[in-house]
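For reference, the structure is listed below as C-alpha cells.
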Amino acid sequence: MPRITVSVDGVTYEEEVEPRLLLVHLLRDRLGKTGTPVGCDTGNCGACTVTLDGRSAKSCSVLAVQADGSEVVTVEGLARDGRWHPMQEAFHAEHALQCGYCTPGMIMAAIDLLRDDPDPSEEAVRRGLEGNLCRCTGYTNIVRAVRRAAAEMSRVPHERAPGAAEGREAAAS
Amino acid sequence: MTEQLDAGLVAGRIAESGQVSEPSAEREMGRARRRKEDARLVTGRTMWTDNIQLPGMLYVAFLRSPMAHARITGVDVSAARSLPGVVAAYSGRDLAEEQGSLPCAWPVTEDIVIPDHPPMAVDEVRYPGEAVACVVATDRYRAADALEAIAVDYEPLDPVLDMTEALAEGAPKVHEAGNRAFTWKFAGGDIDAAFRDAPVVIDRAYVQQRLIPTAMEPRAVVATTDGDGFTLYSATQIPHVLRVMLAMTTGIPEHKLRVVAPDVGGGFGSKLQVTAEEVLALLLARRLGRPVKWTESRSEGNLTVHHGRDQLQRIAVAADRDGRIRGVRVELLADMGAYLMLVTPGVPLLGAFMYNGIYKMDAYDFTCTGVFTTKMPTDAYRGAGRPEATFAIERAVDELAHELGMDPVEVRRRNWITREEFPYTTIAGLTYDSGDYEAATEKALAMFGYDGLRAEQADRRERHDPVQLGIGVSTYTEMCGLAPSRVLGSLSYGAGGWEHAAVRLLPTGKVEVVTGTSPHGQGHETAWSQIAADALGVPFEDVSVLHGDTSVAHRGMDTYGSRSLVVGGVAVLAACEKVKERARELAAHLMEASADDVEFDGGRFRVRGTDEGRTIQELALAAFAAHDLPGGFEPRLDAEATFDPDNFSFPHGTHLCAVEVDTETGRCAIRSYVAVDDVGSVVNPLIVEGQVHGGIAQGVGQALFEEAVHDADGNLVTTTMADYLIPSAADLPEFTTDRTETPATSNPLGVKGVGEAGTIASTPAVVNAIADALRPYGVRDVRMPCTPERIWRALAEAEVTVPAQSRAAVPSTSEIAPEGGAR
Amino acid sequence: MIPAPFDYIRPASVEDACRVLADAETAGDEVKVLAGGQSLLPLLRLRLAYPSALVDLGRLPELRGVADRGDHVYIGALTTHDEVMRSGVVREHVPLVALATATVADPAVRHRGTFGGSMAHADPAGDLPAVALALDCVFVVRSSDGEREIPAAEFFVDYLEPALEPGEVLLGVRVPKLGSGWGFHYEKFHRTAQAWATVGVAAAVRRGDGGTIEEARIGLTNMGPTPVRARVTEVALRGVAPSPSGSNGSDPLRDACAQADAGTSPPADLHARPDYRRHLARVLTRRAVGAALG
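So this is what it looks like as C-alpha cells:
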C-alpha cells in the first residue's frame, strides 16, 4: 500500500493507504477529523470542502494518495488560540447556518473566495459559492456573512492558517 | 481525619464560588440572540451519527434492487460471506422471521389497505432501491466491495408508475389487494348549491411533482448492545416516536431500547420516519453482538429516503361575478408509493383542511384517493399536504382574478377573513384563532413596490419585450403545531400531539431544560433558553437545553409539523411556571411570609411592600441544602410539564414574487421576492427570519428546479445531485422579509409555527408569477418544475399569436422524444 | 459511495507514463489516466468505472503550465482550470479559453480539474471541447512510439471517446492565436449554476473595417455525441452587417443563426429534448455572436 505524508491542520501524519481511499475518509475515519462531513458522491454539494495546498478542494473528489506531501486545512484548523476565524464569527453573527452540515465546507469555500476577491459583491459571493449547497438557509444570510467577514478581514487581517500559502502558480513550460 | 462531605459546607462553597449568577431582568422574548448551537457547528466539533466510532464497530452495506418491480427467485450471499473482512451477509429470507413490518401510524380510513412492509424484501421488490440483502464488514470499503459478490435472481414484473392507470381495471398490481389504498372524503356546506348556476367556475388540474427532500446530512445509523439493552443512534427527527415504534417492530422491550438523535443535519420531514435501515441495524447488532454502523450515500438516499408530494390535483372554484367565492371542490390522487410508511396516508389529509385557504365560502368538498405505485413511498416533506393545498387554491384564485379581469390582490381582499372576524370557523371546520391578512398584505405590497412593477409589466408587454415580467401573489395560511391530541385522534392518527418539558435547577442556580422536541437545525437550544431565562429570571447563558436522547429526555413527541415552539416551547414555559411556584413557596417559608404575599419579578421573589427578597439562585441553593424547608416540601425546585394545546397554530402571510421570463429560451429568473409573515409573537427574530428564508428556497426549488424522474421501466433517473437539482446561492435571489405580529390566542406565548410557512407560501407565488408573465401569450399553466424547456414548450404551443420577435419557434413534433430519456 | 479497488501508479516522467500505459495495453489491463480527477472520481465512486489501475500524471511538472509560443498558446494538459483562467497569456491571446473555463463547474473543482483532463474526458456537455473545436486547437500526444499531433476536428471521436490510442498521453494543447479584430464569447445555458450545459455556444467573430463580419467560428456544446462546429452558420455570418435588433424589425444576425443547429444530433436527457436543444442552439448562437461583436 502506498505510504503518504500529509499535514492536516498543522499536524503531520504518515499513513499507509489503499490507493482508492478518499481524502475525506482519510480525514474522518483514519485521522478522526470528523469536522469535515460527506454530503454527496458526485462532487456537487461541497460539504467536504477543505483547503489543499492553499486552495479549496472537495475532499470527496481527491484520493488520499493525491494529497501525499500536501497541506490540508479543515474547518477544525481555522481557530487561533481558541479565537475563531472571522468567517466563523461572521457565520455565527449573521445566522448563516441552521443544521450546520454544509457549514464546514461553506466556510472553507468562503475563505477561499475572499482570497481572490477581498471585497466581493453579493453577486460575486453567490457565484463563488455555487459549488456548495445548503438546504436550510436559502443562502441570504450566508451571503451576508461572507460580506461581513470580508469587511472584518480587511480591517484586521486574520493570521494565516497553516497550509494557507499562496496557491501554486502555473509555471510556463 | 477525612473531610466530611457536609451539605452545608458544599452549599457554602457554592455560594462563594462565583458560579452563582445574579438574576436577570433582561427580556429575552423577541431578542435576536445568536445561536448557542453554532459553536460546535462552525468549528467542526459536531457529533453527526457518522462521526460515532465504537470499539469493534462493524459497517453495514445494503444491496438494493435495480428494478422497480420484480419477484425475487434467489439470493446467494455465500460468496460475499467468504470475502476478507466480511463478518456476515444476509438476504431478506435470512431475516424474514425476525424483521417484522415497518409501521404505518395513520390508518386514515377503516378500510385502508396497509400492506405488510418487510424492512428487507423477501419475495418481491416493489420500488427501485428496496433492500434485498446486506453485508456486515470490518470497514465501509470492504462492505461496499462485498455487495458485488451477492447474486440475486429477479423475475421482472410490470412496474406501476401512473396513478390514473394504476386505478384502471386490469392494471398490474403493486399488492394483491389492489392499487387503491384508501379513499377519504370530507365536506362542509352544500357544494351542489355553490356550483349550481355559478356565474364563474375555475376548473383546473395541477401536478404536484414528486420531490426528494435532500437534507444535507445523509441518513446514518449506529446500533449497539451490551447484551441486555440496545442503543440506537440515528439521524432522525423523532427519537421518541422511533423508540416505541422500534420496540413494537423488533420486539426489543421499550425500556431496553435507548434512542439517541445526535447532531442531525436537517430533516424537512425526511427523517420523520421509522426506516428499514434502523430496524435492520438493531437486528444485526443483536445477531452479531457488536456495534454496527450504516451510512447512506447520496445516491442511495435519493432512491430510498421517502419522497415528498406527488399528487394529481383537480380543483374547481365557483364564484360570483364580483369575485366572491361560493365554493371549492377538490379531487386528489395521492401517490403512496409502494408501501404506507409512518404517516404516508395522512399527508394529503394535512392539506384537506387548507384548500379553502384564508377565504370565506359557502361550501367545500374534498376527496382523496391514495394510490399504490412501484415507487419509493412518499411521506412528510416540509409542509406535508399544506403546500399542495395552498398551491392549488392560490393558483386557482389567481386564475379567477384573471377570468374576472380583476387584480389578484383585490380578489383575495374580497374573500379573505377580515381582521374583525377572528376567531373564525372556516368551511373546513377549523377555527383560525387570530390573523390580520390586511396588515401583512399592505406591508408586503409597499415593500415590493407592487404598483411600479405592474407599470413596468405593462410597458414590457406593450413593447413586446422578449423578457417579460410576471408578478405572483400568494396569501397563505396553514395549520401547524401538530398538537391537539383530540383532533389527531379524530383523524385516526396513531398518537397524540402533546409535548413535554422538564426544568431542573442545579445547586449553583444554573438551569437545565429537558425537552421532548428534537431539533435538527432549528435552534431550540437558543430559543428554549430564551423562554426559560425570561420565565425564571436567570441569565440566558445560565440555561442549557438537553434533548434528543430518550435516556435524558424520556418523554417527547419530537419535531415536525412546525410544532416545536407552539407545543414544546410552551411546555418549557409551563414547566418554568411550576418551578416558580415551588420557589415561591420556599421563598415565602424562608422569609416567613405568606406565599400569596410573595411576588416574582426579574428573578427575585419579594415580600410585597418590603425590600426583603430571595433570588431564584439562592432558592435553588436552599432547596439543594435542604436545611430549612417548609413541611412536606421535597428538596428540589425541579418540575415538568406536558402541554397539549386546544387548537392548531395558524401562521399566515403574503408573499410576492416578480419573475423575468426570457420568452426566447424559457428561462425564468426571480427578480425580487418579498415575504411578510405573521407568526404571532416572536421568541427570536433571527431564527424566524432564517426559517422563512430557507422555507422560501425550498418552495422555489419545487417551483423551478426539483423533480424525481423515473424512466419507463420505473427506475429513478435523478439518483445524484447532478440530476436532482437543488438551488445554489447563484440560483436564488436575496429574499426580503418582514413580519406583522398578531399573537396567537391558543397558547400563553402567543406564538405560531414558522418552520414550514415559507415553503407553503412560496411555490404558488413563483408559479403565479410565471403564469402572469405568460398569460398574454395564451399560456394557461406551466407544470412544475417550471423548467426553461417547459416554459418554452408552453409558449410554443400556446394559442395566442404574438409578434415574431418574441415568439418561440414551434417545435417539430417528430423531434419530441419522451421526457427523461437517457442519453 | 466508494470506489472499487485499483492499483496506483505515479510515473516519474512522461516517458515512464507512456511505458506504463503501453505495458498495461499489452497485458490487457484497463488502466485509466488520473489528471485532476474531478470527473473520474465521481465515476469511480458510483462504480461506473472499474479500472485495474490509475496512472497519476498529477506530479509531472512538464505537463503543467501555459506558454506563449508565438502563433499559439500552449497549455499543458495538467494545467488546472483555475490556472488557465487566471493566466495572463491565455486572457490576452486566447480569451475564449478563459471565458469558457470560468464557467466550468465551480471554484473548488476548477482548482483540481485540468484543461487536458476535460479534453481527454471528451464529454460533449463539457465546456472546453467546443472551444477547442471552434479555435482549431491541436492536441499534442505522446506514446512510447513518439509524439504526434491531432487536430481538434479529429480529436473528439464519440461520446466520452477521444482519439487517444492506448498508451498515449495528452501532453498539451496548442491554441492558435487568431490575431486582431476578433471578439469572443462563451454562452452557457444551464438549469442551475453547477449543472452541465444544456447547450453552450463558443463564438469567435472577426469584424472587418466596414463593420461587417468577415469570419466566424462557432463551437456547440452538448449538441451531439461530440462537440460540433456550426458550419452553416459560420458561412451565413460572413458578410453580415449586424444592425441593432428591432430597428426595422429585421435582425440579420438572427437570420444568419437560424440554422445553427444544422448538422447536429442533440441528445434527449433530463434537461432537454432534442427540438428544444436545437432551438436553444439557434437563440444562443445569435446571442453569443452578438456578445462577441461587443
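Protein chains in written order, with the UniProt record's numbering: chain A, 1 to 173; chain B, 1 to 823; chain C, 1 to 294. Beta carbons: idealized from backbone N, C-alpha and C, even for Gly.
For Ser7 of chain A against Val72 of chain A, the beta-carbon gap comes to about 7 Å, under 8 Å, which counts as contact.
Taking a Cβ-Cβ cut-off of 7 Å, Ile4 of chain A has no neighbours in chain B, whose nearest Cβ is about 17 Å from it. Contacts with chain A at 8 Å (Cβ-Cβ) include Glu734 of chain B. For the set B:Ala697, B:Tyr437, B:Ile315, B:Val598, the Cα lying nearest the Cα of Thr654 of chain B is the one of B:Tyr437. Contact between Gly265 of chain B and Cys48 of chain A fails: their C-beta atoms lie close to 13 Å from each other, not under 8 Å.
In this structure, Leu573 of chain B lies near Ile531 of chain B, with their beta-carbon atoms less than 8 Å apart. Burial of Glu706 of chain B is indicated by the presence of at least 16 other C-beta atoms within 10 angstroms of its C-beta. Cys480 of chain B sits in a strand when the DSSP states are folded into three classes. Going by DSSP, Ala318 of chain B is part of the beta strand (DSSP E) stretching over 308-319. Counting only residues of its own chain and dropping the five nearest sequence neighbours on each side, Leu350 of chain B has a CB closer than 7 Å to the CB of Ala384, Gly385, Arg386. Close partners of Tyr8 of chain C in chain A (Cβ separation under 7 Å): Pro2, Pro19, Val65. Here DSSP, grouped into helix, strand and coil, assigns Ser87 of chain C to coil.
Among the bridge pairs identified by DSSP, Leu332 of chain B is matched with B:Gln313, B:Cys368. Burial check for Val108 of chain B: the Cβ neighbour count within 10 Å reaches 16 or more, so the residue is buried. Rounded to whole angstroms, the gap between the alpha carbons of Phe648 of chain B and Trp184 of chain B is 21 Å.
With a minimum length of 4 residues, the unbroken runs of alpha helix (DSSP H) contained wholly in the segment 221-267 of chain C fall at 231-237, 252-256.
For Leu160 of chain C, there are no C-beta contacts with chain A under 9 Å, since the nearest C-beta of that chain is about 16 Å from it. Here Ala769 of chain B is not near Val782 of chain B, since their CB atoms are 8 Å or more apart. Burial check for Ala669 of chain B: the Cβ neighbour count within 10 Å stays below 16, so the residue is exposed. Across the segment 129-156 of chain B, CB contacts with chain C closer than 8 Å involve Arg140, Tyr141, Ala144, Asp145, Glu148, in sequence order along the chain. Any Cβ of chain B closer than 8 Å to the Cβ of Gly10 of chain A would place that residue at the interface, and such an atom is absent. Between Gly210 of chain C and Met223 of chain C, the alpha-carbon positions lie close to 33 Å from each other. According to the DSSP secondary-structure assignment, Cys668 of chain B is paired through a beta bridge with B:Val661. Assignment of beta-bridge partners to Leu54 of chain C by DSSP yields C:Tyr8, C:Lys32. By a beta-carbon distance limit of 8 Å, Lys375 of chain B contacts Ala338 of chain B. Their separation comes to about 6 Å. Counted as a single uninterrupted DSSP element, the stretch harbouring Thr374 of chain B is not any alpha helix (DSSP H), since DSSP gives it neither H nor E. Three or more Cβ pairs closer than 8 Å define a contact, and the segment 102-112 of chain C falls short of that threshold against the segment 140-153 of chain C.
Here Met106 of chain A is buried. Its C-beta has 16 or more other C-beta atoms within 10 Å. Against chain B, a Cβ distance below 9 Å from Ala4 of chain C picks out Ala144, Asp145, Glu148.
Pairing Gly568 of chain B with Asp534 of chain B, the inter-Cα distance amounts to about 16 Å.
Assigned with DSSP and collapsed to three states, Phe353 of chain B falls in coil, not helix or strand.
Think of a sphere of 8 Å around the beta carbon of Phe705 of chain B: the chain C residues whose beta carbon falls inside it are Arg191, Thr192, in chain order. Under the 8 Å criterion on CB atoms, Val62 of chain A is classed as interfacial with respect to chain C. Counting C-beta pairs with one atom in each stretch, the segment 321-328 of chain B and the segment 190-206 of chain B have three or more that are closer than 8 Å, which means they touch. DSSP, reduced to helix, strand and coil, places Asp646 of chain B outside both helices and strands of the structure shown, so it counts as coil. Rounded to the nearest whole angstrom, the C-alpha separation of Gly126 of chain C and Glu214 of chain C is 28 Å.
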